[in-house]
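One structure is given below, encoded as structure tokens.
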Amino acid sequence: MQSLNFWPLRPRQKGETQADPLFQRAIVPPRGRSLTTIRVPNSREVRKVASRRLRRIELASSRKQRPWRLFALVFMGLSATYGLWSGGQVQKLYEQAENGVGAMAVAAGLGAQRIVLEGQRHASDAEIAGALGANSNTILLGFDTAAAKERLEQVPWVKHAQVMRLLPSTLKVVIEERTPFAIWQNKGKTYVVDSEGAVLAPAVPDAYPALPIVVGEGAAKNASELFATLDMFSNLDEQLLAAIRVGDRRWNLKLISGLDVMLPDDNIGQALTALTDLDDRRGILNRNIASVDLRLGDRVTVRLHEAPRIPAGGPPSQDPELPTASTSAAPPKGST
1209 MQSLNFWPLR
1219 PRQKGETQAD
1229 PLFQRAIVPP
1239 RGRSLTTIRV
1249 PNSREVRKVA
1259 SRRLRRIELA
1269 SSRKQRPWRL
1279 FALVFMGLSA
1289 TYGLWSGGQV
1299 QKLYEQAENG
1309 VGAMAVAAGL
1319 GAQRIVLEGQ
1329 RHASDAEIAG
1339 ALGANSNTIL
1349 LGFDTAAAKE
1359 RLEQVPWVKH
1369 AQVMRLLPST
1379 LKVVIEERTP
1389 FAIWQNKGKT
1399 YVVDSEGAVL
1409 APAVPDAYPA
1419 LPIVVGEGAA
1429 KNASELFATL
1439 DMFSNLDEQL
1449 LAAIRVGDRR
1459 WNLKLISGLD
1469 VMLPDDNIGQ
1479 ALTALTDLDD
1489 RRGILNRNIA
1499 SVDLRLGDRV
1509 TVRLHEAPRI
1519 PAGGPPSQDP
1529 ELPTASTSAA
1539 PPKGST
């Protein structure tokens, strides 16, 4: 343990009063050494130090609480947004803002004030307007022409469509309509179809008297191929009443005279050529014949109408040269 040297006290001079014994017993450092002075801070400095420490504590506490505060704010924001959305308030606010902007644009002359339509013949105005989806309150700058084109081409009569914006206030629509090709009868209903078999509209009686009639399942989509072949046989084409699709694989032709011509599954042109040659030589299309069967490539079979009752004057004359399904070309025995 370090010892301390005490220096003798200075004797009191004349006139000095007795001081505090503590100060009288002061320690005097050795020569060449100084005693460390301890400075006691005043009250203002103490308050400053305490204030700084308090701020450090508050800052550290706020840093620890900051993530939780952020999470709480985010959670509250999401909850409020979900409440507005589920109640339809967000959609209402958006629609109000959109309507307000739209009204300003229309007032500025950017609305669809004029619609120009070209190529319309059969499609109704209501069908075109409904598919176009534009009116006087439509803003041309925000109008989706591609979507309008797709909607227009869903109209049965419209084959192709083109939609153009002519700023500031004109919308131009050009359509290409399908061409009526035939009247299709199927399952008790009648339709107008084009050459591709697309149904255009229900057929109104006597609305399309010049169109041919096709009947049966698959008749609409296969009619164009059949009539392309019949175009080469004008005599048959002029006498045709209807073309009947059988089993969606072949055709029967019903002529105005009532004659039925049964065509094969394929090689229709070859079969019709044989029928035309037979008609040129024997005129079978104008005779009392019920049907002509061309389904077999090596022969032509005809069937006569059922024999009528024999009148009093005797049996009617028959042509022994026409073969049928039940007779041959040779005259029956005993005939004259």
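With our numbering applied, the sequence shown covers 1209 to 1544.
For glycine and all other residues, C-beta sits at the position ideal for the given N, C-alpha and C.
- Contacting residues, own chain, Cβ-Cβ under 8 Å from L1530 (five flanking each side not counted): Looking up residue 1530 in the sequence shown gives position 322. No answer about L1530 holds up, because its pLDDT of 38 lies below 50 and its placement is not dependable.
- Rounded to a whole number of angstroms, what is the C-alpha to C-alpha distance between K1397 and A1427? Here residue 1397 refers to the residue found at position 189 of the sequence shown. Here residue 1427 refers to the residue found at position 219 of the sequence shown. Each residue's alpha carbon lies about 13 Å from the other.
- In the DSSP assignment, what are the bridge partners of L1375? Within the sequence shown, the letter at position 167 stands for residue 1375. Partner(s): none; L1375 has no beta bridge.
- Unbroken beta strand (DSSP E) runs of length 3 or more, entirely within the segment 1403–1487: which are they? With a minimum length of 3 residues, the continuous beta strand (DSSP E) runs that stay inside the segment 1403–1487 are 1407–1410, 1421–1423, 1448–1454, 1458–1463, 1468–1470.
- Message: Just to confirm, is the Cβ distance from E1570 to A1369 under 8 Å?
- Response: The question about residue 1570 has no answer, for the chain in this structure spans 1209 to 1544.
- Item | Cβ-Cβ separation, A1450 to I1476 (assumed contact under 8 Å), whole Å | Here residue 1476 is taken as the residue at index 268 of the sequence shown, counted from 1. Here residue 1450 is taken as the residue at index 242 of the sequence shown, counted from 1. About 16 Å separates the two Cβ atoms, so there is no contact after all.
- Query: At what residues does the beta strand (DSSP E) containing K1397 begin and finish?
  - Reply: Taking the first residue of the sequence shown as 1, we reach residue 1397 at position 189. Segment 1397–1401, the beta strand (DSSP E) holding K1397.
- Task: Please go through the same chain and pick out, in chain order, the residues whose beta-carbon is closer than 7 Å to the beta-carbon of V1401, but skip the five residues on each side of it.
- Result: The residue labelled residue 1401 in the question sits at position 193 within the sequence shown. Closer than 7 Å at the Cβ level, and outside the excluded window around V1401, lie F1389, A1390, W1392, V1407, L1408, A1428.
- Going by the C-beta, is V1422 closer than 7 Å to any heavy atom of the ligand ADP? The ligand ADP is not among the ligands present in this structure, which contains no ligands whatsoever.
- Item | D1501 classed as buried or exposed, judged by whether at least 16 other C-beta atoms fall within 10 angstroms | Here residue 1501 refers to the residue found at position 293 when the sequence shown is read from its first residue. Flag for D1501 reads buried.
- Message: Tell me the residue span of the alpha helix (DSSP H) that contains L1360.
- Response: One-based indexing of the sequence shown puts residue 1360 at position 152. Run containing L1360: 1353–1360, per the alpha helix (DSSP H) assignment.
- Element boundaries [alpha helix (DSSP H), containing L1340]: Taking the first residue of the sequence shown as 1, we reach residue 1340 at position 132. Here the alpha helix (DSSP H) through L1340 covers 1333–1340.
- For E1433 and A1411, the rounded distance between their alpha carbons: For this step, residue 1411 is matched to residue 203 along the sequence shown. For this step, residue 1433 is matched to residue 225 along the sequence shown. Answer to the nearest angstrom: the Cα atoms are 22 Å apart.
- For L1504, which three-state DSSP category applies? Within the sequence shown, the letter at position 296 stands for residue 1504. In the displayed model, L1504 falls within coil according to three-state DSSP, outside both helix and strand.
- Query: Going by Cα to Cα distance, which pick from D1439, V1423, T1481 is closest to W1459?
  - Reply: Walking along the sequence shown from the start, residue 1459 turns up at place 251. Among D1439, V1423, T1481, the Cα nearest to that of W1459 is on V1423.
- Query: Would you report the Cα separation of I1452 and L1461, rounded to the nearest angstrom?
  - Reply: The count along the sequence shown starts at 1 and reaches residue 1452 at position 244. The count along the sequence shown starts at 1 and reaches residue 1461 at position 253. Per the coordinates, the alpha-carbon of I1452 lies some 6 Å from the alpha-carbon of L1461.
- Query: In chain order, what residues of the same chain have a beta carbon less than 8 Å from the beta carbon of A1342, not counting five sequence neighbours either side?
  - Reply: Residue 1342 sits at position 134 when you count from the first residue of the sequence shown. The residues are A1320, I1323, F1351, A1356, L1379.
- Item | Cβ pair L1480, L1448 closer than 8 Å | The residue labelled residue 1480 in the question sits at position 272 within the sequence shown. The residue labelled residue 1448 in the question sits at position 240 within the sequence shown. Against a cut-off of 8 Å, the Cβ pair of L1448 and L1480 comes out as no contact.
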